Amino acid sequence: MSTPSLSDGQLTPTDTDPDLCFSSSEDDHVWPTPQDVVEMSIMLNGSAVPLSWTRESLKRLPMGTRPIKMVGEGAANVVFELGIPEGNMWANDFKGWLLRVAKAPASGQPARFNYLKQQEFYAKQITPFLKTHAIQQRLV
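Encoded structure:
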């Protein structure tokens, strides 16, 4: 049995659902869509329950952002330096960020890590313990 998702048509939140919608503004393309939020919640919790992240703590990379240089590699991830398009008004928000990308699992194998659960653990367990000594990490 597959997890219901918006992309396969099993979930259809409406634009009027207050639990799934954010207010509109000119910078909407840098924030997750209602569909993104629902799908992340389903992947993390198995249902569309609210996540602990706020609109301000979870962003999308600006359109046209590209990985420009590989800076590290581990068993499950590759880390890239980001190239934000010239003149993008949100470029400073992403200055100094690196992009960690999961490696594709071996054929037929499930993903090795659930990045939503990792981020939730990092936010709730690691950051409060290490405070300012924790490396800033964001899910995009």
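Residues 2 to 141, numbered by this note's numbering, are exactly what the sequence shown covers, in order. Backbone N, C-alpha and C define an ideal beta-carbon position, used for all residues, glycine too. Values in this document were obtained by computation on a predicted structure and should not be read as measured data.
Less than 7 angstroms separating the beta-carbons of residue i and residue j?
i      : j      : result
Val80  : Leu99  : yes
Arg101 : Asn115 : no
Gln138 : Tyr123 : yes
Here's a check: name, in chain order, each residue in its chain whose Cβ is nearer than 8 angstroms to the Cβ of residue i, leaving out the five neighbours to either side.
i      : result
Ala92  : Pro63, Ile85 and Pro86
Thr128 : Ala135
Gly97  : none
Would you mind sorting residue i into buried or exposed? The rule is 16 or more other CB atoms within 10 Å of its CB.
i      : result
Gln120 : buried
Thr1   : In the structure as shown, the chain begins at 2 and stops at 141. Residue 1 is therefore absent and cannot be evaluated.
Leu83  : buried
Do you know whose CA, among the options, lies nearest residue i's CA?
i     : options                  : result
Gly75 : Ala105, Gly97 and Arg67  : Ala105
Phe95 : Lys125, Thr128 and Pro68 : Pro68
Between the C-alpha atoms of residue i and residue j, what's the straight-line distance to the nearest angstrom?
i      : j      : result
Lys166 : Gly73  : Not covered by the structure: residue 166. The range shown for the chain is 2 to 141.
Gln126 : Ala103 : 22 angstroms
Leu140 : Leu117 : 8 angstroms
Asn89  : Ala107 : 37 angstroms
Leu131 : Ala112 : 28 angstroms
In chain order, what residues of the same chain lie with their CB nearer than 6 angstroms to the CB of residue i, ignoring the 5 residues before and after it?
i     : result
Lys70 : Glu82
Gly65 : Pro86
Ser24 : A caution first: Ser24 carries a pLDDT of 40, below 50, which makes its placement in the model too unreliable to give a value.
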